[in-house]
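To start, the structure under review is shown below, and the notes come after it.
Numbering (the UniProt record's numbering), first residue to last: 1 to 295.
Right, dumping it as structure tokens:
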């Protein structure tokens with residue numbers, strides 16, 4: 001499939017994001033997870049003409065497509081080829097505070113279907129899983145070079161069932177034949193967990209997710225952002241974070257509840273409507289939480 005065919009990606013909870021982040025009222029906005037630019041485009045359309053958007057994206061291929069998609073907003077957007085952990089550093093250098101900051105922690109359709117980096121268990125691709133080629137560690141490295149204990153710890157952090165025994169099984173299998181592709185990993189998962197006590201897709205998803213999170217330091221990056229981002233919000237400015245699994249949502253919920261700098265606006269997360277889930281099934285697990293910077 002050509003990358004050009006994958007330019008469209010439907011942003012989740014779009015109207016909810018625009019409403020809860022009060023987009024029409026501000027002048028400085030941040031999209032910390034640009035992706036293909038769906039949320040950014042909507043923010044710029046809704047915002048006043050003098051509004052400026054800082055957009056962060058660290059996947060090289062996605063960045064090129066997003067730049068093309070945001071071309072109509074030239075002069076109103078600054079695209080930064082970095083992970084969202086650099087938001088505070090960039091905004092402090094610019095000398096600005098944000099009226100609203102958005103993080104959408106989900107993988108875009110492009111990364112899943114068009115990157116060729118092994119993010120999906122439904123295609124046979126190299127075991128890579130790096131969101132940015134600046135990173136050195138790959139999924140292949142973890143599965144073939146890490147010790148049994150190190151693999152078990154990664155799987156445990158991702159809440160993979162029977163993590164210790166599964167890590168031992170991986171090490172046994174790689175002695176026979178290294179794991180090179182996603183289908184190699186799929187085969188090992190299916191062999192170890194039979195008879196399956198949960199849905200096969202759910203089990204594969206949690207294994208792939210745990211490895212991907214380790215490679216891209218996803219939870220560590222989120223924890224750092226939760227500490228940093230209130231510092232670059234103006235008083236009354238809002239921070240919205242969309243998560244897709246309990247590990248992320250737990251961190252966001254705890255931070256919004258316990259950070260004295262923030263007023264938690266969403267006691268319960270905002271979730272997609274049945275209509276959105278029907279239109280875009282990948283939105284079904286999305287949860288939006290929003291907090292406001294105290295004055």
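Ideal placement from N, C-alpha and C gives every residue a C-beta, glycine not left out.
Residues in the same chain with beta-carbon distance under 8 Å from residue i, minus the five sequence neighbours each way, listed in chain order, please.
i	result
residue 14	38, 39, 42
residue 59	111, 115, 131, 132
residue 224	85
residue 221	83, 84, 85
residue 219	157, 213, 247, 248, 251
Does DSSP classify residue i as helix, strand or coil?
i	result
residue 16	helix
residue 243	strand
residue 291	strand
residue 315	Residue 315 falls outside the range modelled here, since the chain spans only 1 to 295, and no answer is possible.
residue 141	helix
residue 189	helix
residue 282	helix
residue 146	coil
residue 82	coil
residue 59	coil
residue 50	coil
residue 121	coil
residue 230	helix
residue 114	helix
residue 71	helix
residue 157	helix
residue 261	coil
residue 4	With a pLDDT of only 44 at residue 4, under 50, the local geometry of the prediction cannot be trusted, and the value read off the model is given with reservation. The answer is helix: DSSP assigns residue 4 an H, G or I state.
residue 130	coil
residue 274	helix
residue 96	coil
residue 238	strand
residue 65	helix
residue 103	strand
Please check the pair residue i and residue j, which I expect to be a contact at CB under 8 Å, by giving their CB distance rounded to whole angstroms.
i	j	result
residue 164	residue 84	Actually they are not in contact, since the Cβ atoms of residue 164 and residue 84 sit about 33 Å apart, beyond 8 Å.
residue 242	residue 106	7 Å
residue 65	residue 240	Between residue 240 and residue 65 the Cβ distance is about 23 Å, and since that is not below 8 Å, they are no contact.
residue 24	residue 270	Their Cβ separation, rounded to whole angstroms, is 18 Å, which puts residue 24 and residue 270 out of contact at 8 Å.
residue 121	residue 186	5 Å
residue 57	residue 81	7 Å
residue 276	residue 283	5 Å
Do residue i and residue j have their CB atoms nearer than 8 Å?
i	j	result
residue 228	residue 79	no
residue 188	residue 179	yes
residue 175	residue 144	no
residue 126	residue 62	no
residue 96	residue 272	no
residue 44	residue 76	yes
residue 27	residue 52	yes
Which same chain residues, not among the five before or five after residue i, have their C-beta less than 6 Å away from its C-beta?
i	result
residue 148	167, 168, 171
residue 91	232
residue 281	none
residue 31	39, 40, 55, 102
residue 137	215
Relative to the C-alpha of residue i, which candidate in the options has its C-alpha closest?
i	options	result
residue 217	127, 285, 157, 52	157
residue 74	50, 178, 121, 239	50
residue 246	235, 285, 273, 277	285
residue 183	134, 240, 204	204
residue 213	123, 238, 129	129
residue 210	267, 235, 195, 150	150
residue 161	206, 120, 268, 258	206
residue 236	195, 258, 99, 24	99
residue 230	244, 252, 52, 146	252
residue 47	19, 69, 67, 68	19
residue 94	29, 152, 258	29
Ignore the nearest five residues each way along the sequence and tell me which others in residue i's own chain have a CB closer than 7 Å to its CB.
i	result
residue 256	262, 264, 289, 291
residue 192	166, 169
residue 260	none
residue 293	230, 233, 234, 235, 236, 237, 261, 262
residue 155	163, 166, 167, 210
residue 123	182
residue 118	125, 126, 127, 128, 129, 139, 182
residue 6	With a pLDDT of 44 at residue 6, under the threshold of 50, the modelled position of that residue is not reliable, and no figure is offered here.
Could one say the Cβ of residue i lies closer than 8 Å to chain D's Cβ atoms, at least one of them?
i	result
residue 205	Looking for chain D here will not work: only one protein chain is present.
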